[in-house]
Amino acid sequence: MGKTVHLFSKTKQRRKLQLQLKKLGAIVLAWLLVAVLVTFYDHFNFHSVWSQGHTENYSLLENLGFQGLAALISSLLLGSWMIFYVNEELREKPYTYTLIAVAAVFFLIGAGLMLFLGGIYIYNETGQWPHTNA
1 MGKTVHLFSK
11 TKQRRKLQLQ
21 LKKLGAIVLA
31 WLLVAVLVTF
41 YDHFNFHSVW
51 SQGHTENYSL
61 LENLGFQGLA
71 ALISSLLLGS
81 WMIFYVNEEL
91 REKPYTYTLI
101 AVAAVFFLIG
111 AGLMLFLGGI
121 YIYNETGQWP
131 HTNA
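Going by this note's numbering, the sequence shown opens with residue 1, and the numbers climb by one from there.
Structure below.
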């Protein structure tokens with residue numbers, strides 16, 4: 001009887017993990033889709049009559065790569081945190097506490113990602129790291 005309960009709980013845990021991974025996959029796909037839409041929106045705005053155009057170094061594929069990389073990293077970090085931590089550990093906490101925790105983590109990861117990818121983008125455009133004067 002003990003083995004049956006153990007096997008049942010393992011199967012239940014496996015199903016729960018599969019569901020969590022499906023949720024994470026959906027989050028990653030949604031964020032990547034938004035990144036593609038934002039990139040093409042920017043591209044078409046640069047080529048509209050309301051814009052003076054883009055810079056000479058502009059590349060649609062490069063921007064798509066940066067947007068995709070940012071979406072992939074942020075969706076994996078934030079999606080994993082939401083699914084595996086917030087849904088499990090903060091379930092019993094007050095709603096305001098959960099909202100503040102989620103907002104704070106989104107802000108911190110977003111700011112860190114902007115600094116990291118912004119530094120790479122600046123180096124790619126200028127050949128100099130942003131924190132140096134040389």
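For every residue, glycine included, the Cβ atom is placed at its ideal position computed from N, Cα and C. On a predicted model such as this, the values are computed, not experimentally measured, just so you know.
Touch test, the region 83 to 97 against the region 113 to 123, Cβ-Cβ under 8 angstroms, three pairs minimum: no
Alpha-carbon to alpha-carbon, Val49 and Leu21: As a working note, residue 21 is residue 21 in the sequence shown. As a working note, residue 49 is residue 49 in the sequence shown. Approximately 44 angstroms, taken between the alpha carbons.
Candidates Gly79, Leu117 and Ala71, of which the one nearest Leu37 by Cα: On the sequence shown, residue 37 is found 37 positions in, with the first residue counted as 1. Measuring from the Cα of Leu37, the nearest candidate turns out to be Ala71.
Inter-stretch contact (C-beta, 8 angstroms, three-pair minimum) for the region 37 to 47 and the region 72 to 82: Contact check between the region 37 to 47 and the region 72 to 82: fewer than three CB pairs, one atom from each, fall below 8 angstroms, which does not count as touching.
Cβ neighbour criterion (16 or more within 10 Å) applied to Ala35: Translated into the one-based positions of the sequence shown, residue 35 becomes position 35. Its Cβ being crowded by 16 or more others within 10 Å, Ala35 is buried.
With 16 other Cβ atoms within 10 Å as the buried cut-off, status of Trp31: In the sequence shown, counting from the first residue as 1, residue 31 sits at position 31. With 16 or more other Cβ atoms within 10 Å, it is buried.
Chain-order list of residues whose beta-carbon lies under 7 angstroms from that of Ile27 (same chain, five-residue window excluded): Reading the sequence shown from its first residue, position 27 is the one you call residue 27. So the qualifying residues of the chain are Ser75 and Gly79.
Cβ-based burial, Gln67 [other Cβ within 10 Å; buried from 16]: Numbered from 1 along the sequence shown, position 67 holds the residue referred to as residue 67. Classification of Gln67: buried, given that the 10 Å Cβ count is 16 or more.
Between the CA atoms of Thr11 and Trp129 - distance to the nearest angstrom: Taking the sequence shown and counting its residues from 1, the one referred to as residue 129 is at position 129. Taking the sequence shown and counting its residues from 1, the one referred to as residue 11 is at position 11. When rounded, the distance between both Cα atoms is 51 angstroms.
First through last residue of the alpha helix (DSSP H) which encompasses Tyr139: Residue numbering for the chain in the displayed model covers 1 to 134; residue 139 lies beyond these limits and cannot be assessed.
From Leu108, Gly110, Asn57 and Tyr95, residue whose alpha carbon lies closest to that of Gly127: Taking the sequence shown and counting its residues from 1, the one referred to as residue 127 is at position 127. Checking every option, the nearest Cα to that of Gly127 belongs to Asn57.
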